[in-house]
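What follows is a short report on a single structure.
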Amino acid sequence: MSQPSSTRIAGGTAEAEFRQRLAALEARTAASAAALAGPQNKPGLSFEGEDDSSPFECNICLELAREPVVTYCGHLYCWPCLYRWLQVIGKCRTCPVCKAVVDKDKVVPIYGRGATSAQDNPPGRDSDRIPQRPAGKPPQLR
1 MSQPSSTRIA GGTAEAEFRQ RLAALEARTA ASAAALAGPQ NKPGLSFEGE
51 DDSSPFECNI CLELAREPVV TYCGHLYCWP CLYRWLQVIG KCRTCPVCKA
101 VVDKDKVVPI YGRGATSAQD NPPGRDSDRI PQRPAGKPPQ LR
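Okay, here's the thing in structure tokens:
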């Protein structure tokens, strides 16, 4: 005689557990597909489909960018993280993400996003050795 399609397991069935896991997987897949589809022209969403209030994350520490700066290649970092990276890397200073040449004097500060106040940027053990982030430079007029 053939065995039933579901097997009883301590108060439930394997089939019920399977269906529950399948539903959760389908929900995650649908959410991922919607995110990949791009912006849906919903209010409160930016061009890239992200919530406008979302914090900027450093590509090194993956935390809210403290004193955020962006490199000419377009990658965002905390100024302390990027400064430390450039000190460790030595002569061949490259972007940690794409390996483009990066110079500490040629980064653009981002004002108004990220943690910039003293309370949001608690001093670390070597914060005394990290200089102020470079100031923004106005475009040259011709």
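If you number the sequence shown the way the UniProt record's numbering does, the last residue is 142 and the count never jumps.
No residue lacks a Cβ here, since even glycine has one placed at the ideal position from N, Cα and C.
Taking C-alpha atoms, which residue in the options lies nearest to residue i?
i           : options              : result
V102        : A27, Q87, I110, P131 : Q87
Y77         : P109, I89, G90       : P109
residue 150 : I60, E26, Y83, K137  : The question about residue 150 has no answer here: the residues shown for the chain are numbered 1 through 142.
residue 143 : L25, F18, A100       : With the chain running from 1 to 142 in the structure shown, residue 143 is simply not present.
Report yes if the C-beta distance between residue i and residue j is below 8 Å; otherwise report no.
i    : j   : result
C81  : C58 : yes
V69  : W79 : yes
K104 : Y83 : yes
For residue i, does the count of other Cβ atoms within 10 angstroms reach 16, so buried, or fall short, so exposed?
i    : result
P131 : exposed
E63  : exposed
C95  : buried
E67  : buried
A16  : exposed
Q20  : exposed
A23  : exposed
P43  : Any reading at P43 is ruled out, since the residue's pLDDT is 47, under 50, leaving its predicted position unreliable.
Would you give the residue range spanned by the beta strand (DSSP E) that residue i belongs to?
i   : result
Y83 : Taken as a continuous stretch (DSSP letters only), Y83 belongs to no beta strand (DSSP E), being part of the alpha helix (DSSP H) at 79-89.
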